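Notes to accompany the following structure.
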Ligand SMILES: CC(C)(COP(=O)(O)OP(=O)(O)OC[C@H]1O[C@@H](n2cnc3c(N)ncnc32)[C@H](O)[C@@H]1OP(=O)(O)O)[C@@H](O)C(=O)NCCC(=O)NCCS
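Numbering (this note's numbering), first residue to last: 24 to 224.
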């Protein structure tokens with residue numbers, strides 16, 4: 024069993040400092056104008072890795088702290104969001120990343136790619152919107168951008184995994200995704216208790 028808290032955490036701003044130093048001190052925009060603020064979605068490059076890391080830190084803790092343990096959150100952030108891990112996802116595994124800017128600030132990202140070389144199925148690996156920007160339509164724009172790109176690449180279907188206790192599964196349901204399978208996946212000393220959801224394009 025691995026020690027969930029071990030590993031190099033130097034890639035990440037400590038959670039306690041993220042809000043003060045990076046995001047929370049400046050709300051995305053007041054609620055009344057959030058929906059009309061300009062949103063720009065663009066592909067991310069290796070140079071954007073620090074931005075993706077900060078967005079993941081900001082979104083993961085509030086999303087998962089009542090669902091999985093702090094040790095598991097830290098473990099998964101280090102596993103999936105170290106600079107080396109993101110670089111491998113982009114360069115080796117061929118994951119495409121999209122970044123959303125909203126009201127002039129980075130607010131969310133998505134990562135996706137072909138499930139495997141021979142399939143016509145895309146997988147949405149990651150979809151995260153900074154908490155203070157949620158509900159402003161960014162998740163909608165990101166998932167539609169992913170689906171449009173998947174369609175252009177000839178995909179017939181998009182699949183994803185979502186924790187069974189994550190309210191985001193309602194967001195996916197509203198976007199046409201349906202539960203295909205219930206899976207419990209071991210990850211180091213932890214478990215992922217997920218639904219696999221899918222949507223025909
Ligand atoms: C899930 C998430 C990506 C949605 O992005 P968002 O920008 O907040 O969502 P949007 O503003 O685009 O919402 C689009 C629609 O989905 C609805 N919606 C959004 N989140 C919802 C939720 N949790 N439950 C039900 N409906 C939801 C909105 O009401 C909206 O509907 P409308 O167009 O009829 O008003 C975002 O809330 C998020 O990052 N959540 C935390 C991270 C997470 O769980 N990611 C998924 C990991 S698998």
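All residues carry an ideal CB built from backbone N, CA and C; glycine is no exception.
For clarity, every value in this text was computed on a predicted model and none was experimentally measured.
- By a beta-carbon distance limit of 8 Å, residue 134 does not contact residue 123. Their separation comes to about 12 Å.
- Proximity of the beta carbon of residue 171 to ligand 1 is not indicated: no heavy atom of the ligand is located closer than 6 Å.
- Counted as a single uninterrupted DSSP element, the beta strand (DSSP E) harbouring residue 66 occupies residues 62-66.
- Looking only at 159, 115, 155, the smallest Cα-Cα distance to residue 81 is reached by 155.
- By the Cβ-count criterion, residue 127 is exposed, with fewer than 16 other Cβ atoms from all chains shown falling within 10 Å of its own Cβ.
- The beta carbon of residue 102 is closer than 7 Å to those of 108 in its chain, skipping five residues each way along the sequence.
- Counting only runs of at least 4 residues, the stretch 112-190 fully encloses the following alpha helix (DSSP H) elements, listed from N- to C-terminal order: 161-175.
- For residue 209, the three-state secondary structure derived from DSSP is strand.
- Contact between the stretch 170-182 and the stretch 146-153 is present: three or more C-beta pairs spanning the two stretches fall below 8 Å.
- Per the coordinates, the alpha-carbon of residue 119 lies some 9 Å from the alpha-carbon of residue 137.
- Of all alpha-carbon atoms in 93, 194, 88, 179, the one lying nearest the alpha-carbon of residue 222 is that of 179.
- Sorted by position in the chain, 82, 86, 150, 151, 152, 157, 158, 159, 160, 161, 162, 163, 185, 189, 190, 191, 193, 194, 197 make up the residues whose C-beta lies under 6 Å from a heavy atom of ligand 1.
- Apart from the 5 residues on each side of it in sequence, residue 203 sits with its Cβ closer than 8 Å to the Cβ of 182, 218, 219, 220, 221 in its chain, given in chain order.
- Every alpha helix (DSSP H) stretch that sits fully inside the stretch 66-100 and reaches 4 residues is listed by chain position as 72-87.
- Using a 10 angstroms sphere on the CB of residue 83, the tally of other CB atoms reaches 16 or more, which defines it as buried.
- As DSSP reads the structure, residue 197 sits in no beta bridge.
- DSSP links residue 215 through a beta bridge to 208.
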